[in-house]
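Undergrad:
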Amino acid sequence: MKQKLLHNRHLQICAALIAADCLVFTFVNPQDASALWLIGGFGLLGCTLFGLASLLASSLRGYGERTHQAGKRFLRYGVVISLVLVGLQSIGQLTVKDIAALLPFVVLAYLYFGYGKKFATEKT
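When you read off a place in the sequence shown, starting at 1, and then add 4, the result is the number in the numbering used here.
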């Protein structure tokens, strides 16, 4: 089991992304850093969150392909919501109104995009 986990490609990529996050966010001072470092750090955070969501979704593969696809889609939406909230908070624009407006929109988008995929996979 331990050998299998050590050779898992998704786990290796996530570990490398987390290590890179630790390095960047430890050594870069956001008060003195250029915009390029801040954009790079935000992109790195996004890659890390998407990688972790992919790793978590791959753990759902044992429950069936349909559960895996639904979990993968749900986790991706969760990552996008998290990145939007972190981005808004980092520029000082996050309010309760933003969250109240974003959540119904995301639920509707999830249902809309998921509804089309559900019927497309059932027809084949």
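Even glycine gets a Cβ: it sits at the ideal position worked out from N, Cα and C.
1. Of the choices I103, F46, L15 and G55, whose alpha-carbon is the least far from that of R80?
2. Please name the residue in I103, R70, S62 and C26 whose C-alpha comes closest to that of L15.
3. Measuring CA to CA, which of V90, Q73, N12 and Q97 is closest to F117?
4. At what residues does the alpha helix (DSSP H) containing Q16 begin and finish?
5. Nearest-angstrom Cα distance between L21 and H11?
6. The alpha helix (DSSP H) spanning Q97 covers which residue range?
7. If you check the beta carbons only, do L53 and V88 fall under 7 angstroms apart?
8. Could you give the distance in angstroms between the alpha-carbon of F123 and the alpha-carbon of A113?
9. Give the straight-line distance between the Cα atoms of R70 and A57, rounded to the nearest whole angstrom.
10. So which of A105, A37, V32 and A39 has the shortest CA-CA distance to I85?
11. Report the three-state DSSP secondary structure of S38 (helix, strand or coil).
TA: To lay it out plainly:
1. Nearest of I103, F46, L15 and G55 to R80, Cα basis: G55.
2. The shortest CA-to-CA distance from L15 to any of I103, R70, S62 and C26 is the one to S62.
3. Nearest option by C-alpha distance: Q73.
4. Q16 -> alpha helix (DSSP H) spans R13 to F31.
5. Near 16 angstroms, if we compare the C-alpha coordinates of H11 and L21.
6. Bounds of any alpha helix (DSSP H) do not take in Q97, whose DSSP letter is neither H nor E.
7. Contact flag unset, no.
8. In this prediction, F123 has a pLDDT of 48, which is less than 50 and means its spatial position is unreliable; nothing more can be read from the coordinates.
9. Taking the straight line from one Cα to the other gives about 16 angstroms.
10. Considering only alpha carbons, the answer is A105.
11. Coil at S38, not helix or strand.
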